[in-house]
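If you're matching positions, the sequence shown starts at 0 in numbering that gives the first Met the number 0 and goes up one per residue.
All C-beta atoms in this analysis are idealised placements derived from N, C-alpha and C, irrespective of residue type, glycine included.
Step one of this worksheet: look at the structure below.
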Amino acid sequence: MRSRLSESRPLSLFDSLEKVMVQKQRFLTPGGRDELQAELDHLKSVRRPDVSARIHEAARAGGTADNAEWEEVKNEQAFVEGRIQDLEGILYNSKIAEKSAEAKGTVQFGSSVTVITEKGKRQKYQLVGSAEAKPLEGKISNESPVGQALLEHKVGDVVEVTTPAGVTKLKISKVT
Numbered sequence: 000m001r002s003r004l005s006e007s008r009p010l011s012l013f014d015s016l017e018k019v020m021v022q023k024q025r026f027l028t029p030g031g032r033d034e035l036q037a038e039l040d041h042l043k044s045v046r047r048p049d050v051s052a053r054i055h056e057a058a059r060a061g062g063t064a065d066n067a068e069w070e071e072v073k074n075e076q077a078f079v080e081g082r083i084q085d086l087e088g089i090l091y092n093s094k095i096a097e098k099s100a101e102a103k104g105t106v107q108f109g110s111s112v113t114v115i116t117e118k119g120k121r122q123k124y125q126l127v128g129s130a131e132a133k134p135l136e137g138k139i140s141n142e143s144p145v146g147q148a149l150l151e152h153k154v155g156d157v158v159e160v161t162t163p164a165g166v167t168k169l170k171i172s173k174v175t
């Protein structure tokens, strides 16, 4: 049985709206929200018009399934539109979480944390939301095993992290 909303709009639009509405709420840092918003703005104002122009050109050149340029630009359009939809859903369902002044010195969402591994190597992480995580840049999700283990701990604490590779210990040396 379809709702009144679905009867007044195309099913694909209703499905998209429904998907946005049922996504879980995510937490973002203020900087992470700004980065995602900038990406969304770029996709809408630069990439989408560029892809549209390229589709128009490919169509004039005989846009069929036999035309490699047509296929490429249609695939790019699907990617751009999908990413726009994903970003809109994330931003709509996100909440900005800022560090608490009362919890200064305690690892919390948005904190930068320096840890020392069991092998003596220093690693620096920033705890961010899953939508803004970039592990190669040191931005780890608060939902990751390392992120979960670090939360609510202080300088000097040793935390155990269970990963697919096994259990490892990290000593917190700095929290900002």
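Would you identify the three-state DSSP class for G128, choosing helix, strand or coil?
-> Coil.
Taking only the alpha-carbon atoms, compute the straight-line gap between Y91 and L126 and give it to the nearest angstrom.
-> 21 Å
Mark Q51 as exposed unless 16 or more other C-beta atoms lie within 10 angstroms of its C-beta, in which case mark it buried.
-> Per the sequence shown, residue 51 should be read as Ser rather than Gln. Exposed, by the Cβ-count rule.
For V145, which residues from the same chain have a beta carbon less than 6 Å from its beta carbon, with the 5 sequence-adjacent residues on both sides left out?
-> I139 and V160
Pair within 8 Å by beta-carbon distance, L169 and T116 | yes
Can you tell me whether DSSP reads E159 as helix, strand or coil?
-> DSSP places E159 within a strand segment (E or B) once states are collapsed to three.
Contacts around I95, its chain only, beta-carbon distance under 7 Å, and the 5 residues preceding and following it disregarded = Within the same chain, I95 has close Cβ partners L27, P29 and R32.
Under the assumption that A58 contacts I89 (Cβ atoms under 8 Å), give the Cβ distance between them as a whole number of angstroms.
-> That belief does not hold up - the Cβ atoms of A58 and I89 are roughly 32 Å apart, past 8 Å.
Alpha carbon to alpha carbon, how far is T113 from V158?
-> Just so you know, the alpha carbons of T113 and V158 end up roughly 13 Å apart.
Span of the beta strand (DSSP E) around S111 | S111 to T116
How would you label R25, buried or exposed, when you count the other beta carbons within 10 angstroms and need 16 or more for buried?
-> buried
What distance in whole Å lies between the Cβ atoms of S110 and K123, which are believed to be in contact at a cut-off of 8 Å?
-> Not really, about 11 Å apart at Cβ, beyond 8 Å.
With DSSP collapsed to three states, give me the class of S172.
-> Residue state for S172 is assigned as strand, using DSSP reduced to three classes.
Enumerate in chain order the residues of its own chain whose CB-to-CB distance from T167 is below 8 Å, with the five nearest sequence positions on each side excluded.
-> T116, E117, E159 and V160
Nearest candidate by alpha-carbon position, reference I171, set F78, P163, D156 and G165 = Put simply, of F78, P163, D156 and G165 the residue whose alpha carbon is nearest the alpha carbon of I171 is D156.
What does DSSP give as the partner residues of Q122 in its beta bridges?
-> V114
Quick one: what's R25 bridged to in DSSP?
-> S93
L35 vs L86 beta-carbon contact at 8 Å | yes
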